[in-house]
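Report on the structure given below.
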Amino acid sequence: MYALNYVKVKSLAEAAKMLASNPEAKLMAGGMTLVPTLKQRLAQPSHLVDIGALPELRGITAKAGTLTIGAATKHHDVATSAVAKKAIPSLAYLAGLIGDPQVRNLGTIGGSVANNDPAADYPAAVLGLGATVVTNKREIAADDYFQGMFTTALEEGEIITRIVFPVPRRAAYAKFAHPASGYAMAGVFVAQTSDGTRVAVTGAGPGVFRWKAAETALGKNPKAAAIEGVALDAGEMNEDIHATREYRANLVRVMAKRAIAQLR
Amino acid sequence: MAKVEIKVNGVKQSRNVEDRTLLANFLRDELGLTGTHIGCDTSQCGCCTVHVNGRAVKSCSVLAVQVNGADVLTIEGLAKGSKLHPVQQAFSECHGLQCGFCTPGMIMATVGMLKDTPNPSEEEIIHGLEGNLCRCTGYINIVKAVKQSAKMLRGKKPAKAAKKAAPKKKAKAAKKAKKSKKAKKAAKK
Ligand SMILES: Cc1cc2nc3c(=O)[nH]c(=O)nc-3n(C[C@H](O)[C@H](O)[C@H](O)COP(=O)(O)OP(=O)(O)OC[C@H]3O[C@@H](n4cnc5c(N)ncnc54)[C@H](O)[C@@H]3O)c2cc1C
Ligand code: FES
Ligand code: FES
Numbered sequence: 164m165y166a167l168n169y170v171k172v173k174s175l176a177e178a179a180k181m182l183a184s185n186p187e188a189k190l191m192a193g194g195m196t197l198v199p200t201l202k203q204r205l206a207q208p209s210h211l212v213d214i215g216a217l218p219e220l221r222g223i224t225a226k227a228g229t230l231t232i233g234a235a236t237k238h239h240d241v242a243t244s245a246v247a248k249k250a251i252p253s254l255a256y257l258a259g260l261i262g263d264p265q266v267r268n269l270g271t272i273g274g275s276v277a278n279n280d281p282a283a284d285y286p287a288a289v290l291g292l293g294a295t296v297v298t299n300k301r302e303i304a305a306d307d308y309f310q311g312m313f314t315t316a317l318e319e320g321e322i323i324t325r326i327v328f329p330v331p332r333r334a335a336y337a338k339f340a341h342p343a344s345g346y347a348m349a350g351v352f353v354a355q356t357s358d359g360t361r362v363a364v365t366g367a368g369p370g371v372f373r374w375k376a377a378e379t380a381l382g383k384n385p386k387a388a389a390i391e392g393v394a395l396d397a398g399e400m401n402e403d404i405h406a407t408r409e410y411r412a413n414l415v416r417v418m419a420k421r422a423i424a425q426l427r
Numbered sequence: 004m005a006k007v008e009i010k011v012n013g014v015k016q017s018r019n020v021e022d023r024t025l026l027a028n029f030l031r032d033e034l035g036l037t038g039t040h041i042g043c044d045t046s047q048c049g050c051c052t053v054h055v056n057g058r059a060v061k062s063c064s065v066l067a068v069q070v071n072g073a074d075v076l077t078i079e080g081l082a083k084g085s086k087l088h089p090v091q092q093a094f095s096e097c098h099g100l101q102c103g104f105c106t107p108g109m110i111m112a113t114v115g116m117l118k119d120t121p122n123p124s125e126e127e128i129i130h131g132l133e134g135n136l137c138r139c140t141g142y143i144n145i146v147k148a149v150k151q152s153a154k155m156l157r158g159k160k161p162a163k164a165a166k167k168a169a170p171k172k173k174a175k176a177a178k179k180a181k182k183s184k185k186a187k188k189a190a191k192k
């Protein structure tokens with residue numbers, strides 16, 4: 164790891180100021196992505212601005228058809244939250260599938276959504292539920308937020324403060340985890356709302372995406388049989404030593420069916 | 004450089020270290036607490052698991068400055084004098100180790116898991132130790148040791164001692180009911 168300067172800020176305003184005056188500074192929340200990256204010398208920030216303990220970024224609240232989760236809320240806290248389990252049980256379930264207990268005790272939803280790893284779990288829920296990413300500057304709809312592998316709508320120095328999830332009628336997440344890394348080889352989040360059904364896919368493509376043809380086929384009353392012959396372009400999928408494009412495309416369909424069967 | 008003050012196994016420790024110092028190195032190199040092992044150094048194996056403010060974390064992926072002011076518990080802090088912690092005792096009795104390299108992390112992860120899930124099923128044990136790798140045992144005896152630890156820890160809780168009689172009776176009654184069901188089934192056959 165290169166030498167660095169660590170700063171634990173006391174407020175969101177202080178964090179924003181640090182970022183504005185130090186263009187090479189980087190935010191840190193749980194460090195579960197950042198510390199391994201630094202150890203590999205893949206990044207050399209001038210400062211680490213730790214926002215992980217800011218109380219204004221923590222917490223889970225439900226009201227008027229929405230569930231709001233503070234950016235620095237740990238995966239463990241979402242997985243075990245009675246409020247989250249009641250409002251969107253599939254979201255709490257998803258949080259409990261991330262990594263392992265030690266990772267869930269430190270990793271945060273804001274860090275995961277900011278990082279936008281193409282195989283991460285939270286992006287599937289944020290896009291599948293049509294959530295809103297709230298930053299210290301604006302509100303960004305999930306459909307505009309995710310822009311492909313490790314790329315988001317966030318600007319330099321912009322800080323995610325919370326994610327607001329609309330509570331769906333029913334939702335479910337099915338993940339085929341890579342047996343060694345635990346990341347998704349294919350993860351499908353299905354949400355049934357009063358307007359129709361949304362299907363978001365992670366792990367299989369170069370970034371989280373909506374399977375729109377499946378959404379149309381499922382309509383307002385999703386049934387697994389409806390997506391049997393629905394088009395999914397294998398050419399858009401990732402191919403590596405773990406799986407071919409065709410295999411990944413098939414996994415997506417199987418995971419989507421499993422999710423539909425588990426809607427709750 | 005940063006002044007880092009951490010309470011480790013109940014004792015306040017203060018050192019001046021570089022900001023990039025990992026908690027695992029702080030414990031091993033600065034404090035000489037080499038029970039915390041570094042197996043992979045890439046947050047995969049869990050050998051370096053310690054508790055920070057009561058929660059299990061991988062100390063190779065945490066900066067020492069990040070946990071300034073925290074309470075840290077390492078494998079060295081579990082036993083009371085020469086009396087092993089129930090989880091340590093269970094790992095020893097069930098042969099939950101061979102070379103022992105993964106063991107400190109396994110034990111710290113188990114102590115953490117049993118706090119959240121005092122009576123885990125086999126599936127919950129496997130899910131709960133997902134962050135820990137063992138290259139020797141094949142995990143069978145580790146799972147056994149976790150089950151035994153859970154039993155020992157549950158049995159030990161003094162507050163429940165008074166209530167113990169009642170659930171036992173219930174268990175007996177349930178057994179009886181099962182037996183009579185079996186008997187009925189047998190009779191039907
Ligand atoms: C062994 C292991 C297994 C894992 N398995 C999985 C898995 O199965 N599924 C999965 O989804 N993830 C997995 N992860 C990743 C984990 O979920 C991370 O916790 C998460 O990706 C990053 O969260 P963090 O809080 O640790 O962020 P950090 O590492 O602190 O930061 C990550 C990035 O986000 C930025 N950032 C952090 N917070 C904010 C904010 N509020 N606003 C703007 N930018 C911010 C940082 O600058 C940095 O660039 C795994 C990680 C490990 C180490
Ligand atoms: S040494 Fe920390 S996880 Fe392997
Ligand atoms: S006992 Fe050797 S690695 Fe687990």
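So the sequences go chain by chain: A and B.
Positions 164 to 427 (the working numbering) are the ones given, in order, by the first sequence.
Positions 4 to 192 (the working numbering) are the ones given, in order, by the second sequence.
For every residue, glycine included, the Cβ atom is placed at its ideal position computed from N, Cα and C.
Residue i: CB within 8 Å of a non-hydrogen atom of ligand 3
| i | result |
| --- | --- |
| B:Met109 | yes |
| B:Cys102 | yes |
| B:Thr52 | no |
| B:Thr140 | yes |
| B:Thr106 | yes |
Span separating the alpha-carbon of residue i from that of residue j
| i | j | result |
| --- | --- | --- |
| A:Leu197 | A:Met191 | 7 Å |
| A:Trp441 | B:Pro121 | Outside the shown range of chain A, which is 164 to 427, sits residue 441 of chain A, and nothing can be said about it. |
| A:Ala363 | A:Ala337 | 11 Å |
| B:Lys118 | B:Val7 | 28 Å |
| A:Ala188 | A:Arg332 | 41 Å |
| A:Ala242 | B:Gly99 | 29 Å |
| B:Ala168 | B:Asn56 | Caution applies to B:Ala168, whose pLDDT of 44 falls short of 50 and renders its modelled position unreliable; the model cannot decide the point. |
| B:Val68 | B:Ala27 | 12 Å |
| A:Ile261 | B:Gly80 | 29 Å |
| B:Ile143 | B:Lys150 | 11 Å |
| B:Gln16 | B:Ile78 | 16 Å |
| B:Met155 | B:Pro89 | 6 Å |
Min CB distance residue i to chain B below 9 Å
| i | result |
| --- | --- |
| A:Leu201 | yes |
| A:Leu211 | yes |
| A:Asn144 | Nothing in the structure corresponds to residue 144 of chain A, since chain A is present only between 164 and 427. |
| A:Lys338 | no |
| A:Tyr169 | yes |
| A:Tyr165 | yes |
| A:Met195 | yes |
| A:Gly366 | no |
| A:Gln265 | yes |
| A:Thr236 | no |
| A:Val246 | no |
Buried/exposed call for residue i, threshold 16 Cβ in 10 Å
| i | result |
| --- | --- |
| B:Ser124 | exposed |
| A:Pro342 | exposed |
| A:Met418 | buried |
| A:Asp403 | exposed |
| B:Asn19 | exposed |
| A:Pro186 | exposed |
| B:Lys61 | buried |
| B:Lys147 | buried |
| B:Met109 | buried |
| A:Lys173 | exposed |
| B:Lys171 | A caution first: B:Lys171 carries a pLDDT of 47, below 50, which makes its placement in the model too unreliable to give a value. |
Residue i CB to nearest heavy atom of ligand 2 below 8 Å
| i | result |
| --- | --- |
| A:Ala343 | no |
| B:Cys137 | no |
| B:Gly42 | yes |
| B:Cys48 | yes |
| B:Thr45 | yes |
Ligand 5 heavy atom lying under 8 Å from the CB of residue i
| i | result |
| --- | --- |
| B:Cys63 | For the structure depicted, ligand 5 is absent and the ligand set comprises only ligand 1, ligand 2 and ligand 3. |
beta-carbon residue i near ligand 1 non-hydrogen atom, thresh 8 Å
| i | result |
| --- | --- |
| A:Lys189 | yes |
| A:Ser275 | yes |
| A:Thr196 | yes |
| B:Leu198 | The question about residue 198 of chain B has no answer here: the residues shown for chain B are numbered 4 through 192. |
| A:Asp284 | yes |
| A:Tyr346 | yes |
| B:Gly134 | yes |
| A:His428 | Only positions 164 to 427 of chain A appear in the structure, and residue 428 of chain A is not among them; the question remains open. |
CB contact below 9 Å: residue i versus chain A
| i | result |
| --- | --- |
| B:Val90 | no |
| B:Asn19 | no |
| B:Val114 | no |
| B:Gln101 | no |
| B:Gly141 | no |
| B:Leu30 | no |
| B:Ser152 | no |
Scan the region 356–418 of chain A and note each continuous beta strand (DSSP E) run of 3 residues or more that stays entirely inside, going in chain order.
359–365
For the region 61–131 of chain B, list the alpha helix (DSSP H) runs that are entirely contained and at least 4 residues long, ordered along the chain.
89–96, 106–119 and 125–131
List, from N- to C-terminal side, the beta strand (DSSP E) runs of 3 residues or more that fit wholly inside the region 255–333 of chain A.
295–298, 302–304 and 323–329
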